[in-house]
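For reference, the structure is listed below as structure tokens.
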Amino acid sequence: MSVNTTTAMSTLRIVVLGQTLDDGTLQLQNRDFRGLKPVASNEDVYEVAHLLASLMDHPLEEVQRIDVNNLVSA
């Protein structure tokens with residue numbers, strides 16, 4: 001059976017370093033930006049994430065793109 005996918009929703013997640021806990025581990029914090037256009041290139045998303053992260057108080061740890069896809073039979 002053949003299946004087609006359609007991207008229904010995309011989210012940009014910026015992960016930043018938060019505070020250091022008492023045991024010395026670093027706490028990560030997520031900043032989610034919904035409504036990302038599914039056709040946006042990964043390079044553009046990455047560049048925008050770095051621009052947004054430069055406005056934040058905490059240092060950038062990683063950039064994630066979360067895509068939700070609809071599956072339909074072809």
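Its first residue numbered 1, the sequence shown is counted upward by one per residue in full-length UniProt numbering. Heads up, the beta-carbon is just placed ideally off N, CA and C, and yes, glycines get one too.
Give me the Cα-Cα distance between residue 13 and residue 1, rounded to the nearest whole angstrom.
34 Å
Residue 39 in three-state terms, based on DSSP:
coil
Under a Cβ-count criterion, where at least 16 other Cβ atoms within 10 Å of its own Cβ denotes burial, should residue 49 be classed as buried or exposed?
Buried: at least 16 other Cβ atoms inside 10 Å.
Rounded to the nearest angstrom, how far is the Cβ of residue 21 from that of residue 27, given a contact under 8 Å?
6 Å
Taking residue 34 as the reference, give the member of 6, 68, 74, 11 with the closest Cα.
11
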